[in-house]
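Working notes, structure below.
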Amino acid sequence: EGEQLFHDEL
Amino acid sequence: AAGIGLLVGMNCPKAVKPRDVITGISGRSQILFLVTYVARYLDLLTNFVSVYNTAMKVFFIAASAATVYLMLFKFKATYDHNHDTLRVEFLIAPCALLALVVNHDFTPLEILWTFSIYLESVAILPQLFMVSKTGEAETITSHYLFALGSYRALYILNWIYRYYFDNFFDLIAIVAGVVQTVLYCDFFYLYITKVLKGKKIVLPA
């Protein structure tokens, strides 16, 4: 999983 | 989307005669929501997640901008200055400071996203303050607030789902989302016990 690259939620 | 659409619809010049524009909506909260959506969706053009995601980002920004314009410019006369008085500086400053300290990544976009997450959790306070000052909320305002509150409450279910099935969680979004939902709880109570029974929300003076 690691650090989230960008936010995929509203 | 339903809540914001309701608000734009009820403030839209075609839909209602100017004098019927719903009063009791906090312009300050609407400004905070506009700032929230703009600060959070700056990646609108750089990160494509899905058509739905992009469409909703555009809708949220456009509809909240339209609401702010209609309330504070077009129908300025019906805007209730006297009761919409919560100082937003006391909400914006702490969120900005916290975003600088507690974030996932110290980059401009990420700090703006974090600021937006914190701001959204308190953006409804001017509205709840205004309802407590006016002592009542119009039924349509109650529906709007219920829709707005349940939006983040439903996200909590989504975050639980993603934790168990994707082994993914974003603590900043979760904590802010829980705080935001808690702030609505007393309103949810009034909404369930009164508005759904056809009564108006009238707070004890």
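If you read the sequences in order, they're chains G and L. Residues in the first sequence are numbered from 206 upward in steps of one, following this note's numbering. Residues in the second sequence are numbered from 1012 upward in steps of one, following this note's numbering. We treat Cβ as the ideally placed atom computed from N, Cα and C, and that holds for glycine.
Coil, strand or helix - Ile1185 (chain L) by DSSP = helix
Chain A partners of Val1190 (chain L), CB-CB under 8 Å?
-> The structure shown has no chain A; the protein chains it does contain are G and L.
Per DSSP, what kind of secondary structure is Val1049 (chain L) in: helix, strand or coil?
-> helix
Val1019 (chain L) CB to nearest chain G CB: under 8 Å?
-> no
Leu1171 (chain L) by DSSP, collapsed to three states: which one?
-> The amino acid occupying residue 1171 (chain L) in the given sequence is Ile; Leu does not appear at that position. In this structure, Ile1171 (chain L) counts as helix in the three-state DSSP scheme.
Taking the alpha helix (DSSP H) that Ala1110 (chain L) falls in, what are its first and last residues?
-> 1100-1112
Work out the CA separation of Thr1152 (chain L) and Gly207 (chain G) for me, nearest whole Å.
-> Model confidence at Gly207 (chain G) stands at a pLDDT of 49, short of 50, so the residue's coordinates are unreliable; what they give is reported in the following sentence. Going by the C-alpha atoms only, they are around 42 Å apart.
Taking contact to mean at least 3 C-beta pairs separated by less than 8 Å, is the region 1100-1117 of chain L in contact with the region 1146-1165 of chain L?
-> no
Can you name, in chain order, every residue of its own chain whose Cβ lies under 7 Å from the Cβ of Leu1053 (chain L), other than the five neighbours on each side?
-> Excluding positions up to five away in sequence, the list reads Leu1120, Leu1123.
Is DSSP giving Glu206 (chain G) helix, strand or coil here?
-> Residue placement at Glu206 (chain G) cannot be trusted, given a pLDDT of 43 that sits under 50; the coordinates are not used to answer.
Keeping to the same chain, check which residues put their C-beta closer than 6 Å to that of Tyr1174 (chain L); ignore five residues upstream and five downstream.
-> Phe1180
Between the region 1177-1208 of chain L and chain G, which residues of the former have CB atoms less than 9 Å from a CB of the latter, in chain order?
-> Asp1177, Asn1178, Phe1179, Asp1181, Ala1184
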